[in-house]
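**Student:**
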Amino acid sequence: MYEQYWKPMGDKTTIVIPGWQSMSYFSDVTNLCWFMEPELAKQIVRIHKVVGNAVTEGRHIVVGTGSSQLLLAALYALSPQDSSNPISVVSAAPYYSSYPLMTDCVKSGIHKWAGDAKIFDKDEPYIELVTSPNNPDGFVRHPMVNRTGGILVHDLAYYWPQYTPISTPADNDLSLFTVSKSTGHAGLRIGWALVKDVEVAKRMIKFIELNTIGVSKDSQLRAAKVLEVVSDSCEQAGGSEYTESFFHFSHTVMTERWRLLREAVKRSGLFSLPNFSPAHCNFFDNNLGTQPGKNNKIFVYMVYFFLKVVQS
Numbered sequence: 001m002y003e004q005y006w007k008p009m010g011d012k013t014t015i016v017i018p019g020w021q022s023m024s025y026f027s028d029v030t031n032l033c034w035f036m037e038p039e040l041a042k043q044i045v046r047i048h049k050v051v052g053n054a055v056t057e058g059r060h061i062v063v064g065t066g067s068s069q070l071l072l073a074a075l076y077a078l079s080p081q082d083s084s085n086p087i088s089v090v091s092a093a094p095y096y097s098s099y100p101l102m103t104d105c106v107k108s109g110i111h112k113w114a115g116d117a118k119i120f121d122k123d124e125p126y127i128e129l130v131t132s133p134n135n136p137d138g139f140v141r142h143p144m145v146n147r148t149g150g151i152l153v154h155d156l157a158y159y160w161p162q163y164t165p166i167s168t169p170a171d172n173d174l175s176l177f178t179v180s181k182s183t184g185h186a187g188l189r190i191g192w193a194l195v196k197d198v199e200v201a202k203r204m205i206k207f208i209e210l211n212t213i214g215v216s217k218d219s220q221l222r223a224a225k226v227l228e229v230v231s232d233s234c235e236q237a238g239g240s241e242y243t244e245s246f247f248h249f250s251h252t253v254m255t256e257r258w259r260l261l262r263e264a265v266k267r268s269g270l271f272s273l274p275n276f277s278p279a280h281c282n283f284f285d286n287n288l289g290t291q292p293g294k295n296n297k298i299f300v301y302m303v304y305f306f307l308k309v310v311q312s
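Mapping to UniProt numbering: the sequence shown position 64 is 64, numbers consecutive.
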C-alpha cells in the first residue's frame, strides 16, 4: 500500500552491506539487548520523539523478529516460572485472531489462553493483552479486567498517525511496535518492545536468544534506514528533499481507502461501518478520526463488519 511513497525515495533508503559485515552474533556488548544494532536503537528513540506516540526515557528497547516474537517473549518473561498452574492470558473480544494460537502453540505449561477479558472472572494472576487501536475493529482500547495480580502487555502496532490520532505518548510498562504497520515494511520482520522493568527485559532477551540467537542484523540495518527516512521526512517536509512527510502521505492514502469503502458499503445497503469519534492529534495538530488499516488488507474489516451484521 505504501510502495508509491517508497519507490521514488531511491538512494535515500538504499544501504550496502559488505560481505564481511554483520558476521558476529553480537551487535553491542555494552547494551542489555546485545544483538540490537546501535543505529536501530537510535532511530527507534528518534521516531517516537518525532511522532510523540511513546515514552522511551527509562525504557529498555528489545528488538525482535516482528512483534509476534516479542509477544511470545513477553509472555515467557511475565509468566511465573515456579507456579504449578499456567497463568491465564486474556484479551477483550474481538481480539487479534492469532492471540489464542500464539499463546497455546507450544503448550509451554507456564501460560494458557483464557479468552475474553470482558468475562474473565477468576481470582488469580493474569496477563491481559491490550491492543490499541484494536485489531480487527480499530477502536481505542483500555484494560478491561483491572484486578489485583494483573499484568498488561500493550500491543501498539497501529498507534501511528496514519491510523489514529496521537493524543499522548504511551507510557506503559511494556509496549510492542513493528515496522510492518508503521512503515509498511512487513517483509523486514522487525519489531521492538519498550520495557520498563529491567528483569522483564532480560527475560525477553533470553527468550529471543534461545529462540533465534538474536535478530537478523541485515533486517535491523534496513529498518534503521527506513525509520531514519521517515523521521527526516517529518522534520524536513516541504523542502527540496521531501515534499511531504511519510505520515501525511500514508494518512491521505488511508483516508481515501476509507472513503471508497464507506461509499461501497452505503451503496450495498447490506453493511454498516462504525463512526469513530474525532480526537485531537498532536502530530497533525488537528482533530481527526480513527481510520483502521491492515496495510493492503482493508477487506478484512469489511468481512468482520459483515459478520457483525449477520450476528445481529
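A virtual CB, placed ideally from N, CA and C, is assigned to each residue, including glycine.
Fair warning: this is a prediction, and the values are worked out from it, not measured in the lab.
Evaluate contact between the region 233-249 and the region 60-72, counting only Cβ atoms and requiring at least three cross-stretch pairs below 8 Å.
**Tutor:** Contact fails: fewer than three Cβ-Cβ distances are below 8 Å.
**Student:** Check whether the Cβ atoms of CYS166 and GLY52 sit closer than 8 Å, and answer yes or no.
**Tutor:** Sequence check: residue 166 is Ile here, not Cys. Yes, these two residues count as a Cβ contact at 8 Å.
**Student:** Mapping DSSP to helix, strand and coil, what is ILE119?
**Tutor:** Helix.
**Student:** Please report the straight-line C-alpha distance between residue 340 and TYR158, rounded to a whole angstrom.
**Tutor:** With the chain covering 1 to 312 only, the question about residue 340 has no answer from this structure.
**Student:** Given ALA92, which residues of its chain have a CB within under 6 Å of its CB, disregarding the five upstream and five downstream residues?
**Tutor:** Result list for ALA92: ALA117, LYS118, MET144, in chain order.
**Student:** Could you tell me the alpha carbon to alpha carbon distance between CYS234 and PRO278, rounded to whole angstroms?
**Tutor:** If I take the Cα positions, the gap works out to 23 Å.
**Student:** What are the start and end residues of the beta strand (DSSP E) that includes TRP192?
**Tutor:** It spans 191-195 - the beta strand (DSSP E) in which TRP192 sits, taken as one unbroken run.
**Student:** What is the DSSP secondary structure of ASN135, counted as helix, strand or coil?
**Tutor:** Three-state result, ASN135: coil.
**Student:** Tell me the DSSP secondary structure of ASP104 in three-state form.
**Tutor:** Helix at ASP104.
**Student:** Less than 8 Å between the CB atoms is what I'm expecting for MET102 and LEU72, so what's the real figure, rounded?
**Tutor:** The Cβ separation is near 6 Å, so the contact holds.
**Student:** Which residues bound the beta strand (DSSP E) around ALA157?
**Tutor:** Taken as a continuous stretch (DSSP letters only), ALA157 belongs to no beta strand (DSSP E), as it is neither H nor E.
**Student:** CYS234 bridges to which residues according to DSSP?
**Tutor:** According to DSSP, CYS234 bridges with nothing at all.
**Student:** Would you check whether the ligand SAM has a heavy atom nearer than 7 Å to the C-beta of THR252?
**Tutor:** The ligand SAM is not part of this structure, which contains no ligands at all.
**Student:** Under the three-state reduction of DSSP, which class applies to GLU228: helix, strand or coil?
**Tutor:** In the structure shown, GLU228 sits in a helix (DSSP, three-state: H, G or I).
**Student:** Quick check on VAL62 - is its C-beta less than 8 Å from some C-beta in chain D?
**Tutor:** Among the protein chains of the structure shown there is no chain D, as only one such chain exists.
**Student:** Considering THR183, what are the terminal residues of the beta strand (DSSP E) in which it resides?
**Tutor:** Unbroken run through THR183: none, as it is neither H nor E.
**Student:** Ends of the beta strand (DSSP E) at THR178?
**Tutor:** 174-178 is the extent of the beta strand (DSSP E) around THR178.
**Student:** Using 10 angstroms around the beta-carbon of VAL130, count the other beta-carbons present and answer buried if the total reaches 16, otherwise exposed.
**Tutor:** By the 10 Å Cβ count, VAL130 comes out buried.
**Student:** Can you check which of these residues, CYS33, ASP11, TYR126, is closest to PRO80 by C-alpha distance?
**Tutor:** Measuring from the Cα of PRO80, the nearest candidate turns out to be TYR126.
**Student:** At a cut of 8 Å, does the region 12-25 reach the region 261-273 through at least three beta carbon pairs?
**Tutor:** Short answer: they don't touch.
**Student:** Which residue wins for smallest C-alpha separation from GLY191, given the options ASN172, PRO169, ARG222?
**Tutor:** It is ARG222.
**Student:** Taking 8 Å as the threshold, find out whether the region 234-243 comes into contact with the region 212-222 through three or more Cβ pairs.
**Tutor:** No: fewer than three Cβ pairs fall under 8 Å.
**Student:** Since I believe ASP173 is in contact with ASP197 (beta carbons under 8 Å), could you give me their beta-carbon distance rounded to a whole number of angstroms?
**Tutor:** 7 Å between Cβ atoms; contact.
**Student:** Look up LEU32 in the DSSP assignment and say whether it is helix, strand or coil.
**Tutor:** Residue state, collapsed to three classes: coil.
**Student:** So for LEU270, helix, strand or coil by DSSP?
**Tutor:** Reduced to three states, the DSSP call for LEU270 is coil.
**Student:** Name the DSSP bridge partner or partners of VAL130?
**Tutor:** Its beta-bridge partners are HIS154.
**Student:** Helix, strand or coil: how does DSSP classify ILE44 here?
**Tutor:** ILE44: helix per DSSP, three-state reduction.
**Student:** For my contact list, ALA74 and ALA193 are in at a C-beta cut-off of 8 Å; report their separation, rounded to the angstrom.
**Tutor:** Indeed, because the Cβ distance is near 7 Å, the residues count as touching under 8 Å.
**Student:** Would you kindly report the start and end of the unbroken beta strand (DSSP E) that includes VAL89?
**Tutor:** VAL89 -> beta strand (DSSP E) spans 87-91.
**Student:** Got a sec? Which residues, its chain only, sit under 7 Å from GLN291 by beta carbon, not counting five neighbours each side?
**Tutor:** Contacts found: TYR163, MET254, THR255, TRP258.
**Student:** Within this structure, are the beta carbons of MET9 and VAL229 separated by less than 8 Å?
**Tutor:** Yes, these two residues count as a Cβ contact at 8 Å.
**Student:** Quick check: the Cα distance between ASN295 and LEU70, rounded to an integer number of angstroms?
**Tutor:** The predicted model places ASN295 with a pLDDT of 39, which falls under 50 and marks its position as unreliable, so this point remains unresolved.
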